[in-house]
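Just add 2 to wherever you are in the sequence shown, counting from 1, and you've got the working numbering.
Here's the structure, in structure tokens; my notes come after.
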Amino acid sequence: MTSVPNVTLSAGNSTVDIPQLGFGVWQVPDEDATAAVTTALEVGYRSIDTARIYENEEGVGRALATTEVPRGEIFLTTKVWNDDQGYDSTLRAFEDSAKRLGQDYVDLYLIHWPTPKKDAYVDTWRALLQLRADGRIRAAGVCNFQQAHLQRLIDETGEAPAVNQVELHPRLQQAQLRAWHGDHGIATEAWSPLAQGAVLEDETIVTVAAHHEKTPAQTILRWHLQLDNIVIPKSVTPERIRENIEIFDFELSDEDMAEFAKLDSGERIGPDPETFVSP
Ligand code: NDP
Numbered sequence: 003m004t005s006v007p008n009v010t011l012s013a014g015n016s017t018v019d020i021p022q023l024g025f026g027v028w029q030v031p032d033e034d035a036t037a038a039v040t041t042a043l044e045v046g047y048r049s050i051d052t053a054r055i056y057e058n059e060e061g062v063g064r065a066l067a068t069t070e071v072p073r074g075e076i077f078l079t080t081k082v083w084n085d086d087q088g089y090d091s092t093l094r095a096f097e098d099s100a101k102r103l104g105q106d107y108v109d110l111y112l113i114h115w116p117t118p119k120k121d122a123y124v125d126t127w128r129a130l131l132q133l134r135a136d137g138r139i140r141a142a143g144v145c146n147f148q149q150a151h152l153q154r155l156i157d158e159t160g161e162a163p164a165v166n167q168v169e170l171h172p173r174l175q176q177a178q179l180r181a182w183h184g185d186h187g188i189a190t191e192a193w194s195p196l197a198q199g200a201v202l203e204d205e206t207i208v209t210v211a212a213h214h215e216k217t218p219a220q221t222i223l224r225w226h227l228q229l230d231n232i233v234i235p236k237s238v239t240p241e242r243i244r245e246n247i248e249i250f251d252f253e254l255s256d257e258d259m260a261e262f263a264k265l266d267s268g269e270r271i272g273p274d275p276e277t278f279v280s281p
């Protein structure tokens, strides 16, 4: 079984390890999430990424309740949704998520979107720090934060998130944000790392993949690893779940990485974090 290396996250006065490759479950219906997560755990994934808004925390929880993998070896992430932002409402939302997941604690809790128009993300962040102080979460982070939002958290609370989970794939490489994260001790986690399948037939990627006798998906995930990104590909297909973890036995060359760099067009699949307020 493949074993996945860890990335060390800062968590206040201590550190927490997260596997560099995890398993995402957005758009997996609750009734299918148990089987998908069980397969992922069987083939060696030890990190699971869900969210309240995915409506599958119960399905994920059932997999965690029945697996033979000890809880201490699993890294579980969930997220607070936009309509729960604010100090007290975030604390309540966390309790509800923990209950659905069947967990006393969660390894990483993330603010799902900054929703700057609501102007509640600083209070939400304070709630995450409280949850960490109370031992309910091991690390606190955010998703979809731009540099200015991150800077505001640092200025107003003195603490940067451990992780910023952002849209990141060959078409949206986020070089500037990644560099800024590096300077501020924030780990970069890539969502939609395969661009939801949109880049699997790209000619450059197909060529590099063939050279290494790997699939395009494996080659893209390997590119992420070599950029030091944490990645959380999603699949409900057992062969693909297995395929996506077989990425630790080859290496892209500097020339391969340079070819990938040319694919950056700045195109987003998801919404613009500056304006997204849903619901
Ligand atoms: P991905 O980039 O992971 O792509 C998933 C798609 O690719 C699915 O259609 C899947 O098909 C297909 N696929 C997976 N592996 C392969 C393979 N080896 N070969 C061919 N096709 C493949 O997209 P996601 O948007 O799901 O992103 C991953 C995770 O990131 C999410 O599940 C979620 O956990 C997180 N996320 C976070 C967001 C945030 O705002 N914080 C926003 C969006 C995602 P199939 O399942 O049918 O096999």
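Glycine residues also receive a C-beta, built at the ideal position from the N, C-alpha and C atoms.
* Starting from Ile20, trace the beta strand (DSSP E) both ways and give me its first and last residue. => To locate residue 20, count along the sequence shown from 1; it is residue 18. Segment 16 to 21, the beta strand (DSSP E) holding Ile20.
* Chain-order list of residues whose beta-carbon lies under 6 Å from that of Trp83 (same chain, five-residue window excluded) -> In the sequence shown, residue 83 corresponds to position 81, counting from 1. Hits under 6 Å: Arg54, Ile55, His114.
* Asked: Does the Cβ of Arg138 lie closer than 7 Å to at least one heavy atom of the ligand NDP?
  -> Residue numbering aside, residue 138 sits at position 136 when the sequence shown is read from its first letter. The answer is no for Arg138.
* **Every unbroken alpha helix (DSSP H) inside the segment 71 to 109 [4 residues or more]** => DSSP runs (the alpha helix (DSSP H)) wholly in the segment 71 to 109: 89 to 103.
* Just the Cα atoms here: how many angstroms apart are Asp121 and Gly199? -> By one-based count along the sequence shown, residue 121 stands at place 119. By one-based count along the sequence shown, residue 199 stands at place 197. Asp121 and Gly199: Cα-Cα distance of roughly 34 Å.
* Could you tell me the boundaries of the alpha helix (DSSP H) in which Gly272 lies? => Taking the sequence shown and counting its residues from 1, one reaches residue 272 at position 270. Per DSSP, Gly272 belongs to no alpha helix (DSSP H) and is neither H nor E.
* Asked: Which partner residues of Gly143 appear in the DSSP bridge assignment?
  -> In the sequence shown, the residue the question calls residue 143 occupies position 141. Its beta-bridge partners are Leu112.
* Asked: Any chance the CB of Thr190 is under 7 Å from a heavy atom of the ligand NDP?
  -> To locate residue 190, count along the sequence shown from 1; it is residue 188. It does not: the Cβ of Thr190 is nowhere closer than 7 Å to a heavy atom of the ligand NDP.
* Below 8 Å CB to CB, which residues in the same chain sit around Ala67 once its five sequence neighbours on both sides are set aside? => Position 65 of the sequence shown, counted from the first residue, corresponds to residue 67. Hits under 8 Å: Gly104.
* **Selected residue, minimal CA-CA separation from Asn58, among Ala100, Trp225, Gln148, Ser280** => Start at 1 with the first residue of the sequence shown, and residue 58 comes out as number 56. Taking only the C-alpha atoms, the option nearest Asn58 is Ala100.
* Going by CA-CA distance only, name the one from Gln220, Thr190, Thr92 that's closest to Thr10. => Locating residue 10 in the sequence shown gives position 8, where the first residue counts as 1. Comparing Cα positions, the closest option is Thr190.
* Any non-hydrogen atom of the ligand NDP within 7 Å of Gln198 CB -> Here residue 198 refers to the residue found at position 196 of the sequence shown. Yes, the ligand NDP has a heavy atom inside 7 Å of this Cβ.
* Thr40 and Ala65 look like a contact to me (Cβ under 8 Å); what is the Cβ gap, rounded to whole Å? -> The count along the sequence shown starts at 1 and reaches residue 40 at position 38. The count along the sequence shown starts at 1 and reaches residue 65 at position 63. Rounded, the Cβ-Cβ distance is 5 Å, consistent with contact.
* State yes or no: is the C-beta of Gln167 nearer than 7 Å to some heavy atom of the ligand NDP? => Taking the first residue of the sequence shown as position 1, residue 167 is located at position 165. Gln167 Cβ: within cutoff of the ligand NDP.
* Asked: Assuming Thr92 contacts Leu130 under a Cβ cut-off of 8 Å, what Cβ separation, rounded to an integer in Å, is found between them?
  -> Looking up residue 92 in the sequence shown gives position 90. Looking up residue 130 in the sequence shown gives position 128. Between Thr92 and Leu130, the beta carbon gap of about 7 Å places them in contact (Cβ cut-off 8 Å).
* Taking only heavy atoms of the ligand NDP into account, decide whether any of them is closer than 7 Å to the Cβ of Asn231. => Translated into positions along the sequence shown, residue 231 becomes position 229. No, the ligand NDP has no heavy atom inside 7 Å of this Cβ.
* Taking 7 Å as the cut-off, does the CB of Trp225 come closer than this to any heavy atom belonging to the ligand NDP? -> Your numbering for residue 225 matches position 223 in the sequence shown. Incorrect: Trp225 has no Cβ contact closer than 7 Å to the ligand NDP.
* Does the separation of the CB atoms of Gly184 and Gln167 fall below 8 Å? -> Numbered from 1 along the sequence shown, position 182 holds the residue referred to as residue 184. Numbered from 1 along the sequence shown, position 165 holds the residue referred to as residue 167. No, Cβ-Cβ distance for Gly184 and Gln167 is not below 8 Å.
* Would you tell me roughly how many angstroms separate the C-alpha atoms of Phe97 and Asp258, rounded to the nearest one? => The residue labelled residue 97 in the question sits at position 95 within the sequence shown. The residue labelled residue 258 in the question sits at position 256 within the sequence shown. Sequence check: residue 97 is Glu here, not Phe. The alpha-carbon atoms of Glu97 and Asp258 are separated by roughly 45 Å.
* Return the first residue and the last residue of the beta strand (DSSP E) that Val50 is part of. => Residue mapping note: residue 50 aligns to position 48 of the sequence shown, counting from 1. At residue 50 the sequence reads Ile, which differs from the Val that was named. Residues 49 to 51.
* Helix, strand or coil at Ile234 according to DSSP, with G and I counted as helix -> Sequence index remark: in the sequence shown, residue 234 carries index 232 (1-based). Coil, per DSSP.
* Round the Cβ separation of Trp127 and Gln149 to the nearest angstrom and send it over; I've been treating them as touching at under 8 Å. => Walking along the sequence shown from the start, residue 127 turns up at place 125. Walking along the sequence shown from the start, residue 149 turns up at place 147. Not confirmed; about 16 Å, so no contact.
* Asked: So what does Ser12 bridge to, in DSSP terms?
  -> Numbered from its first residue, the sequence shown carries residue 12 at position 10. Thr17, per the DSSP bridge assignment.
* Distance between beta carbons of Asp109 and Leu78, contact taken as under 8 Å -> Locating residue 78 in the sequence shown gives position 76, counting from the first residue. Locating residue 109 in the sequence shown gives position 107, counting from the first residue. Indeed, because the Cβ distance is near 5 Å, the residues count as touching under 8 Å.
* Note down the Cα distance separating Arg73 from Ser16, rounded to an integer number of angstroms. => Along the sequence shown, one-based indexing puts residue 73 at 71. Along the sequence shown, one-based indexing puts residue 16 at 14. Their Cα atoms are separated by approximately 20 Å.
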